[in-house]
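Novice: Would you mind keeping the following structure in view while I ask a few things?
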Amino acid sequence: MQSSGPQVLALSREKKRFDWKRLLFILTGIVFFAIVYFFPPWPDAVDPTGAHFILTREGKGALAVFLLAATWWIFEVVPIGVTSLTIGVLQALFMIRDPGTAFRDFMDPSVLFIFGSIMIGMVFTKTGLTRRMAYKMLSIVGERTSMIYLGCFAMTGVLTHFMAHTAVAATMFPLLMA
């Protein structure tokens, strides 16, 4: 016989372990940056015709930032968005590029458009609209896989008439995952 009293669920909290590997690769990227940027001047590059090419301070800085970003991207220790912002900040801090030039690419209309589209998709997910849309679609098309595909196709087509394509993609992805 079961008791009719309130049941208490014990939630176990797992203690998150410190990720030493992540710290190691973050520091590895920073060390690569420091070694390349603060290394004494490198000898000139000479092409087969004998022309000399001097590696400027800005060029060394660009190589250093590239090594830092590549290390962080390859080992996925920092999110890509944070890494890309770090590239712009380092270019401005170490005077590799003018700050206006370094951050101009972030303010491109297409970048802002995609950012806005992703925000719309996140709002739909946060408010539960994607889940409601998925339930409504499933109540109409049923449980057969082919009909679910058809329902997703039709819903994407309908949304495309009202929203931009990137916003529809940002909206449909969480819907299809629900």
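Taking the working numbering, I'd label the letters of the sequence shown as residues 1 to 178.
Idealized CB from N, CA, C, for every residue including glycine.
1. Can you round the beta-carbon distance between A64 and Y37 to whole angstroms, since I take them to be within the 8 Å contact cut?
2. For a test of the three-state rule: what should DSSP assign to A51, helix, strand or coil?
3. Take the Cβ of V77 as the centre, count every other Cβ of all protein chains shown within 10 Å, and call the residue buried at 16 or more, exposed below.
4. Can you find a C-beta in chain B that's less than 9 Å from the C-beta of A169?
5. For E39, is the classification buried or exposed, using 16 other Cβ atoms within 10 angstroms of its Cβ as the cut-off for buried?
6. For V111, count neighbouring C-beta atoms within 10 Å of its own C-beta (all shown protein chains included) and say buried if the count is 16 or more, exposed if not.
7. In this structure, what does DSSP give as the bridge partners for A64?
8. Does DSSP classify A102 as helix, strand or coil?
9. Checking the sheet assignment: what are the DSSP bridge partners for A45?
10. Using 8 Å for Cβ pairs, my map puts M133 next to M155. What's the rounded Cβ distance?
11. Could you check the C-alpha separation between W73 and G88 for me, to the nearest Å?
12. Three or more C-beta pairs under 8 Å: does that hold for the segment 96 to 113 against the segment 48 to 68?
13. Which of the three DSSP states is assigned to P109 in this structure?
Specialist: Reading it off the structure:
1. 4 Å
2. coil
3. buried
4. In summary, chain B is missing from the structure at hand, where a single protein chain is found.
5. Residue identity check: residue 39 is Phe in the sequence provided, not Glu. By the 10 Å Cβ count, F39 comes out exposed.
6. exposed
7. Answer is none; A64 lacks a bridge partner.
8. helix
9. F53
10. 7 Å
11. 15 Å
12. yes
13. helix
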